[in-house]
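So the structure is just underneath, and the comments pick up after that.
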Amino acid sequence: MKMLLKLVAGPVAVVIIAVVGFRCASAWRETDTVETLMPENGRLVETAYGKIHVSEWGKANTRTVVMTHGMAAWGGLWTDVAESLAQGGYHVVAVDEAPFGFSDAAHEDFTTRAEGERVVQMMQTLGLQHVLLVGHSFGGGVALEAALQNPALFDGLVLVCPVTKLGQPDAAASKAAPLLLRSAPMAEALMSATVTNPMMTRLLLSRFMERKDMITDAEIAILQRPITRQGNTHAMAVWLRQFMQGSPDAKTADPIAAATLKMPIAFIWGDKDSVVPLPESARLMNLLGATKLDVISGVGHMPQLEAPEDFKRLLRADLDAMPGFTQ
Numbered sequence: 069m070k071m072l073l074k075l076v077a078g079p080v081a082v083v084i085i086a087v088v089g090f091r092c093a094s095a096w097r098e099t100d101t102v103e104t105l106m107p108e109n110g111r112l113v114e115t116a117y118g119k120i121h122v123s124e125w126g127k128a129n130t131r132t133v134v135m136t137h138g139m140a141a142w143g144g145l146w147t148d149v150a151e152s153l154a155q156g157g158y159h160v161v162a163v164d165e166a167p168f169g170f171s172d173a174a175h176e177d178f179t180t181r182a183e184g185e186r187v188v189q190m191m192q193t194l195g196l197q198h199v200l201l202v203g204h205s206f207g208g209g210v211a212l213e214a215a216l217q218n219p220a221l222f223d224g225l226v227l228v229c230p231v232t233k234l235g236q237p238d239a240a241a242s243k244a245a246p247l248l249l250r251s252a253p254m255a256e257a258l259m260s261a262t263v264t265n266p267m268m269t270r271l272l273l274s275r276f277m278e279r280k281d282m283i284t285d286a287e288i289a290i291l292q293r294p295i296t297r298q299g300n301t302h303a304m305a306v307w308l309r310q311f312m313q314g315s316p317d318a319k320t321a322d323p324i325a326a327a328t329l330k331m332p333i334a335f336i337w338g339d340k341d342s343v344v345p346l347p348e349s350a351r352l353m354n355l356l357g358a359t360k361l362d363v364i365s366g367v368g369h370m371p372q373l374e375a376p377e378d379f380k381r382l383l384r385a386d387l388d389a390m391p392g393f394t395q
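Numbering (the numbering used here), first residue to last: 69 to 395.
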């Protein structure tokens, strides 16, 4: 028995030391303010949830596209797509969903409902109306939530491999949440070893992609830009715990609400998506009454990075076809 305990104690001690080391490293690293990190085309927009960071491209007096991003990303990851849209005559506003990127994380409600409200309030502060909304992955669920909360603000919606509980209430999610992640210290330890650890950025991104060879150093640099932000790991851990527990009060938890959404809706999906498999598109299209689905062959959950030219072409066609656009 003593020999067994010695055999177990060694690896356990190594794991504990590593975990503590990662958390200490993140605390040492996270010293920069939002103001020193945000990009030149970024600005902070006042809302009831604090200041929301947005990145902008194109002229403000042209047709506006609001874009939301996936987990652990921020608006800057849309740069290539946004620059292309701006060259085509669009005004692009990419929002950082708190606590990601540079949006205020002090108001620690990161549920789907609150994230949707952040997008709506940001738009109201900026006076944006008749907007086309594009959401990817986790941001696809947020975009859909915002559209359901205030459909009058939007003329159309494009969902890219969306992660949404539409028709599958989040109330059940809390039962499936790992017990360890319900502990704040454990959630912070996990985040410091993975999402907020710069040594893991490339590996984590590759797990979402079929075409891993398409990852660029520029994209890694964009993802790592907020990594030294003050309080980053703590905020990420709060988000993770809430994400695992779900948001049963969100509009996207109600399939009946989906039927009330009367606007053009298009989907773009990678046929090799292992995060949200392509068959999920049929269920969502049925619930939302959508009729447009663009499938890109040979790519996974990040079609905008894996097949950028195909993605930009399809997105531009979807946006141009929506009502209200004038060249």
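Every residue gets a Cβ at the ideal spot worked out from N, C-alpha and C, and that includes glycine.
Please read these numbers as outputs of a predicted model, since none were measured by experiment.
| Asked | Found |
| --- | --- |
| By the three-class DSSP mapping on this structure, what secondary structure does His302 have? | helix |
| Start and end of the beta strand (DSSP E) containing Leu225? | Phe222 to Val228 |
| Using a Cβ-Cβ cutoff of less than 6 Å, which residues in the same chain neighbour Gly118 once the five nearest sequence positions on both sides are dropped? | Asp172, Ala174 and His175 |
| DSSP on Val343, reduced to helix/strand/coil? | coil |
| Please give me, in chain order, every unbroken run of the alpha helix (DSSP H) with length at least 4 that falls completely inside the stretch 146 to 195. | 147 to 155 and 180 to 194 |
| Here's a check: name, in chain order, each residue in its chain whose Cβ is nearer than 7 Å to the Cβ of Glu458, leaving out the five neighbours to either side. | Look at the range of the chain in this structure, 69 to 395, and you will see that residue 458 is not part of it. |
| Quick one: residues in its chain with C-beta nearer than 6 Å to the C-beta of Ala334, no 5 flanking neighbours on either side, listed in chain order? | Val226, Lys360 and Asp386 |
| Measuring straight from C-alpha to C-alpha, what distance separates Ile283 and Arg270? | 8 Å |
| Return helix, strand or coil for Ile290, following the three-state DSSP convention. | helix |
| If you draw a straight line from the C-alpha of Ala318 to the C-alpha of Gly209, how long is it? | 10 Å |
| In whole angstroms, give me the CA-to-CA distance for Val367 and Met277. | 7 Å |
| Specify the secondary structure class of Gly118 as computed by DSSP and reduced to three states. | strand |
| Applying the criterion that 16 or more other CB atoms from any shown protein chain within 10 Å of the CB defines a buried residue, is Arg381 buried or exposed? | exposed |
| Run the CB neighbour count on Ile324, radius 10 Å, all protein chains shown included, and call it buried at 16 or more, exposed below. | exposed |
| Does the Cβ-Cβ distance between Met135 and Pro219 come in under 8 Å? | no |
| Would you kindly report the start and end of the unbroken alpha helix (DSSP H) that includes Val210? | Phe206 to Gln217 |
| Mind reading off the beta-carbon distance from Val396 to Thr180? Whole number of angstroms is fine, and I expect it under 8 Å. | Past the boundaries of the shown model lies residue 396; the chain is included only from 69 to 395, so the question cannot be answered. |
| Closest to Asn354 by C-alpha separation, out of Ala327, Pro230 and Glu108, would be which residue? | Ala327 |
| If Ile120 sits next to Asp164, beta carbons under 8 Å apart, how far is it from one beta carbon to the other, in whole angstroms? | 7 Å |
| Considering only residues of the same chain and omitting the five flanking positions on each side of His369, which have a CB-CB separation below 6 Å? | Cys229, Phe276, Asp341 and Val343 |
| Assuming contact is defined by CB atoms lying nearer than 8 Å, are Asp223 and His204 in contact in what I supplied? | no |
| Under DSSP, the beta strand (DSSP E) around Lys380 begins and ends at which residues? | Careful: Lys380 lies outside any beta strand (DSSP E), inside the alpha helix (DSSP H) at Pro376 to Asp388. |
| Could you check the C-alpha separation between Trp142 and Gly169 for me, to the nearest Å? | 5 Å |
| Pull up the CB-CB distance for Ser365 and Asp388, whole angstroms please, since I reckon it's below 8 Å. | Going by Cβ atoms, the distance from Ser365 to Asp388 rounds to 23 Å, so no, they are not a contact pair. |
| On the premise that Leu105 lies in contact with Pro294, defined as a C-beta separation below 8 Å, what is that separation, rounded to the nearest angstrom? | 6 Å |
| On the three-state DSSP scale, how would you describe Val102? | helix |
| What is the rounded straight-line gap between the Cα of Ala257 and the Cα of Arg91? | 6 Å |
| Classify Thr269 as helix, strand or coil using the three-state DSSP reduction. | helix |
| Is it the case that the Cβ atoms of Thr406 and Gln310 are separated by a distance below 8 Å? | As displayed, the chain neither begins before 69 nor continues past 395, which places residue 406 out of reach and without an answer. |
| In terms of alpha-carbon separation, which member of Glu108, Ser349, Ala166 and Leu196 lies closest to Thr130? | Leu196 |
| Using the C-alpha atoms, what's the distance from Val122 back to Gln292? | 17 Å |
| Please report the distance separating the alpha-carbon of Gly314 from that of Val231. | 12 Å |
| Identify whether Leu329 lies in helix, strand or coil by the three-state DSSP scheme. | coil |
| What first and last residue would you give for the alpha helix (DSSP H) that runs through Met282? | Run containing Met282: none; DSSP gives neither H nor E here. |
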